[in-house]
Each structure stands twice: as structure tokens, then as C-alpha cells.
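Novice:
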Amino acid sequence: MVAVQPRTQYSGDIAKLLLAHYDRHVRALPWRSPPGTPPPDPYRVWLSEVMLQQTTVAAVFGYFEKFTKLWPDFAALAAADDADVMAAWAGLGYYSRARNLLKCARAVVAEHGGQLPKTSVELGKLPGIGPYTAAAIGAIAFGERAAVVDANVERVVARLFAVETPLPAAKPEIRAAVEAITPADRPGDFAQAMMDLGASLCSVRAPQCLLCPLQSHCAAHAAGIAEQLPQKLAKKAKPQRVGMAWWIEREGADGREIWLVRRPPHGMLGGMRALPDDGWKAREDGDSKPPFPADWRYLDGEVAHVFTHFSLSLRLAVTAAPVDESCLPDGEWWSLKRLDSAGLPTLFSKAAKLAIRARHQD
DNA sequence: TATCCGTGGAT
DNA sequence: TATCCAAGGAT
Numbered sequence: 000m001v002a003v004q005p006r007t008q009y010s011g012d013i014a015k016l017l018l019a020h021y022d023r024h025v026r027a028l029p030w031r032s033p034p035g036t037p038p039p040d041p042y043r044v045w046l047s048e049v050m051l052q053q054t055t056v057a058a059v060f061g062y063f064e065k066f067t068k069l070w071p072d073f074a075a076l077a078a079a080d081d082a083d084v085m086a087a088w089a090g091l092g093y094y095s096r097a098r099n100l101l102k103c104a105r106a107v108v109a110e111h112g113g114q115l116p117k118t119s120v121e122l123g124k125l126p127g128i129g130p131y132t133a134a135a136i137g138a139i140a141f142g143e144r145a146a147v148v149d150a151n152v153e154r155v156v157a158r159l160f161a162v163e164t165p166l167p168a169a170k171p172e173i174r175a176a177v178e179a180i181t182p183a184d185r186p187g188d189f190a191q192a193m194m195d196l197g198a199s200l201c202s203v204r205a206p207q208c209l210l211c212p213l214q215s216h217c218a219a220h221a222a223g224i225a226e227q228l229p230q231k232l233a234k235k236a237k238p239q240r241v242g243m244a245w246w247i248e249r250e251g252a253d254g255r256e257i258w259l260v261r262r263p264p265h266g267m268l269g270g271m272r273a274l275p276d277d278g279w280k281a282r283e284d285g286d287s288k289p290p291f292p293a294d295w296r297y298l299d300g301e302v303a304h305v306f307t308h309f310s311l312s313l314r315l316a317v318t319a320a321p322v323d324e325s326c327l328p329d330g331e332w333w334s335l336k337r338l339d340s341a342g343l344p345t346l347f348s349k350a351a352k353l354a355i356r357a358r359h360q361d
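For the first sequence, position 61 matches number 60 in numbering that gives the first Met the number 0, and the numbering has no gaps at all.
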């Protein structure tokens, strides 16, 4: 293993070359300000960075637009209803981010006078802000020379210095290298340039080294092993689970209604509205037991859904409202006309489609 | 350190 | 179709 010890003049060259490339190829994004202009509103930097955690730029656009329109600053978001924020986040995934987003906004208002602290150390103490996000906000919004390390940067750096240690063991080594090449001038642009490079030319498969501004400095390219880096440990296979969801319907004042529950605040889809289900989880199939005895009609077909660590085959059973509503699990009647505004996570959104399709076939 | 936590696009 | 992967954080 070659120790990563970039020499200062080379480090400076890397930043200089990369920033020059960034100035010519920068993407205009709603949360980004052009190179050489004042940094964006820290609220927008924070919001975008949280949304972008493990999420593609394309998926974030619409949510960023919606959130900034509904809640333009920390004060507005801190004052929002939890249910509204969770519903607005529905479909974006990793729902603990939305819960922590609210916690963070309220902490900023209650403890920081409505403004983000300006150092990555202080930022990292807030809910939902880890090492990456703290460094990214510090660098992009406040010009701090912080080492911003995400999966893109790990890939670029692993190749630049031919780090052959597999991830995640290579993380400390890679972080040290990022600290060594991050410039004091324009650290925010440098971080975004590194991420852009990883998201474009320095891609996982078929990197376009021919067009890369850092090609002449890249040890992996010189050795002809760029595409093989970074190395990663093999992932475990996903278990396949089965579960049931219960579609309980009645005639309400404004047309048909279904019974929705609120999932517990932690765990899978925590805090989100949902259909009642039979308790399926990552390590266990559901128990198939209906919430109350009724004339359940089991629908044909299933909802196939893939989570990060398991796959679920969800089946659906339908019934009319029970005579005795006290047997319903905690929840609320929800008009089918405004089901879109319930903010169901994708799994249950798919299930609702299946149920509604089945109704129309009757 | 390892596991849990969504979703949709690319290949 | 199956697999991999993304601007990670919390526990």
C-alpha cells in the first residue's frame, strides 16, 4: 500500500486545475450560486444538502422547489406542522431525514437565533448533520476550508492516489488526502467541483479519463486501474419478505374514504401516514392477521417493492368499514379524492393504486 | 464497526 | 431481470 502523502505543490495544482475546469463546466442548480459570486443562502444550502444525502440531483429538484416555496426560511419551517412536512417529503425516502430536518430547524431557531452556526464543528452538533453535511455547509455557505468527503469524492481521490484499500477501511486514508488537497481559497467551489467530477467524468463505470482535468495527476489512470477503484466489500443478499396491508373503506360525507394510520416515529417509514398492515419488517414476514374480523376480500396481485436491505411482496385485502369503529387501529378517515395529499410513502402509494384499480374492475 | 433506513435511474 | 448506486446519518 502506498501511503497517501500529497506534496504541497501537487496539491495546489490539483485544486487549480479542478477549479479552472469547474469554472467552465459548472452546472446551474437552484441551490448553487455561480463561481465568483456571493455564497447562497445558508438555509438553501442546508436544505439541499440534506435532501441530497444518498439521493440523486434529479430526484431532489421538485422537492427543493416545493419546500422553499412552502417554507422559505428556518423560522417558517420551524413553525410548520410535523404532518405537513412529512407529507411534503413523501416519496423522497429516508424519512428520518425529514424528522431531523424539523428538529434541526427548531434547534436553529431556539438556540441559534434563526441562523446556522458558521463552523463545521458546530454544524455537526445539529440533528441530521453528519460529517459530510457539516463540512459541505461550512465550505459552501461560509467559506470554511473543510474536507468534504462524499461517495463521489471518495471515488475521485481513491483513483487520484491509487488507494487500493477497499472501502470502508480506506476512509481515513481518503479523508487525509482530501484535507491535503482542499485549498484555503474557494473551498466550497472545490468541494462542488470534486463532486461534479465524480458525478460526471470520474464515474463508477467507464470513467472518461481522456477528458479529465486531473488526468496527468491521476495515479490510477497512470497504472491503468482507474475503473477498478475504489474497491468495495461485497454486499449481503437481500432477504425476500411477504406482508399484508388492509384497505378499509367507507362512504363518507365527501365520497369514499379509507382508513390511514400514522406509523411510529422510528423504524421503517417512521412518522409517515400508511395503510394498516400486518407487522412485516426487514427480519420478519407479517403475521397475516387482520386487525378485526370482517369479510375480507383478498385481492389478486401484489405490490413488489425493494428497500435498501430487503424486498417486500405486499398483498392487499379489502373490506367495508366495521360496524364498530372502536376496533380500528389509531388513525383517520381520508377522502380518496385527496389521497395524493396524504403523503403516503411509495410502497403504500403503489398499494393504493392496486386497490383502486381493483375497485374499478368490480 | 455494522446495521438500519427509500427510491428510482442506469446498465 | 438483476444488480448497483446516489451530495449519509443515527445508533
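In this text, a Cβ means the ideal position worked out from N, Cα and C, and glycines have one as well.
Based on the DSSP secondary-structure assignment, which residues constitute the bridge partners of residue 131?
Specialist: Numbered from its first residue, the first sequence carries residue 131 at position 132. According to DSSP, residue 131 bridges with nothing at all.
Novice: What whole-angstrom Cβ distance do residue 69 and residue 87 have, given they're in contact under 8 Å?
Specialist: Taking the first residue of the first sequence as 1, we reach residue 69 at position 70. Taking the first residue of the first sequence as 1, we reach residue 87 at position 88. Between residue 87 and residue 69 the Cβ distance is about 6 Å, and since that is below 8 Å, they are a contact.
Novice: Which parts of the stretch 187-264 are runs of the beta strand (DSSP E), unbroken and 3 residues or longer, counting only runs that do not cross its ends?
Specialist: Counting only runs of 3+ residues, the beta strand (DSSP E) found wholly inside the stretch 187-264 occupies 239-251 and 254-261, in chain order.
Novice: Given that a residue counts as buried once 16 or more other Cβ atoms are within 10 Å of its Cβ, and exposed if not, what is residue 135?
Specialist: By 1-based counting over the first sequence, the position of residue 135 is 136. By the neighbour-count criterion, in which 16 or more other beta carbons inside 10 Å mark a residue as buried, residue 135 falls on the buried side.
Novice: How far does the alpha helix (DSSP H) with residue 122 in it reach, from first residue to last?
Specialist: As a working mapping, residue 122 is identified with position 123 in the first sequence. It spans 119-122 - the alpha helix (DSSP H) in which residue 122 sits, taken as one unbroken run.
Novice: Answer yes or no: the CB of residue 55 versus the heavy atoms of the ligand MN, is any distance below 8 Å?
Specialist: No copy of the ligand MN appears in this structure; indeed no ligand is present at all.
Novice: Return the chain-ordered list of same chain residues with a C-beta closer than 7 Å to the C-beta of residue 15, the five sequence neighbours on each side being excluded.
Specialist: As a first step, residue 15 is located in the first sequence; it is residue number 16 there, counting from the start. Contacts found: none.
Novice: Answer yes or no: do residue 141 and residue 264 have a C-beta to C-beta separation smaller than 9 Å?
Specialist: Along the first sequence, read from residue 1 onward, the residue named residue 141 stands at position 142. Along the first sequence, read from residue 1 onward, the residue named residue 264 stands at position 265. For residue 141 and residue 264, no; Cβs fall outside 9 Å.
Novice: Could you check which residue in 318, 303 and 313 has the C-alpha nearest to that of residue 362?
Specialist: Past the edges of the chain, shown from 0 to 361, lies residue 362, and the structure says nothing about it.
Novice: I'd like the list of long-range same chain contacts for residue 267, defined as Cβ closer than 8 Å, with 5 residues on each side in sequence excluded.
Specialist: Taking the first residue of the first sequence as position 1, residue 267 is located at position 268. Cβ within range, chain order: 280, 281 and 306.
Novice: Taking C-alpha atoms, which residue in 292, 113, 187 and 126 lies nearest to residue 17?
Specialist: The residue you call residue 17 lines up with position 18 of the first sequence. Nearest option by C-alpha distance: 187.
Novice: Any idea what DSSP makes of residue 312, helix, strand or coil?
Specialist: On the first sequence, position 313 is the one that residue 312 refers to. Looking at residue 312 - three-state DSSP - the assignment turns out to be strand.
Novice: May I have a chain-ordered list of the alpha helix (DSSP H) segments no shorter than 4 residues that lie completely inside the stretch 33-107?
Specialist: 41-50, 56-69, 73-77 and 81-88
Novice: Rounded to whole angstroms, what is the Cα-Cα separation between residue 205 and residue 226?
Specialist: Reading the first sequence from its first residue, position 206 is the one you call residue 205. Reading the first sequence from its first residue, position 227 is the one you call residue 226. Rounded to the nearest angstrom, the two C-alpha atoms are 6 Å apart.
Novice: CB residue 220 to CB residue 154, shorter than 9 Å?
Specialist: Within the first sequence, the letter at position 221 stands for residue 220. Within the first sequence, the letter at position 155 stands for residue 154. Cβ distance not < 9 Å, so residue 220 and residue 154 don't count as in contact.
Novice: Tell me where the beta strand (DSSP E) around residue 334 begins and ends.
Specialist: The residue you call residue 334 lines up with position 335 of the first sequence. In the DSSP assignment, residue 334 falls within the unbroken beta strand (DSSP E) covering 331-334.
Novice: Can you tell which of 148, 230 and 183 has its C-alpha closest to the C-alpha of residue 164?
Specialist: Against the first sequence, residue 164 aligns to sequence position 165. When each option's Cα is compared against that of residue 164, the closest is 230.
Novice: Can you tell me which of 137, 172, 246 and 80 puts its alpha carbon nearest to the alpha carbon of residue 333?
Specialist: Position 334 of the first sequence holds residue 333. Nearest in C-alpha terms to residue 333, of all of 137, 172, 246 and 80, is 246.
Novice: Note the first and the last residue of the continuous beta strand (DSSP E) segment covering residue 305.
Specialist: In the first sequence, counting from the first residue as 1, residue 305 sits at position 306. That run of the beta strand (DSSP E) goes 302-305.
Novice: Is residue 36 buried or exposed, if buried means 16 or more other CB atoms sit within 10 Å of its CB?
Specialist: What you label residue 36 is simply residue 37 of the first sequence in a count that begins at 1. With fewer than 16 Cβ atoms within 10 Å of its Cβ, residue 36 is classed as exposed.
Novice: Per DSSP, what kind of secondary structure is residue 2 in: helix, strand or coil?
Specialist: Translated into positions along the first sequence, residue 2 becomes position 3. Because the pLDDT at residue 2 is just 39, under 50, the model does not fix this residue reliably, and the point stays unresolved.
Novice: Short of 8 Å in beta carbon distance, which residues of its chain neighbour residue 310, apart from the five on each side in sequence? Order them along the chain.
Specialist: Numbered from its first residue, the first sequence carries residue 310 at position 311. Here the set comprises 237, 238, 239, 240, 303 and 304.
Novice: So, are the CB atoms of residue 85 and residue 342 less than 9 Å apart?
Specialist: Within the first sequence, numbered from 1, the residue matching residue 85 stands at position 86. Within the first sequence, numbered from 1, the residue matching residue 342 stands at position 343. Judged by their CB atoms, residue 85 and residue 342 are nearer to each other than the 9 Å cut-off.
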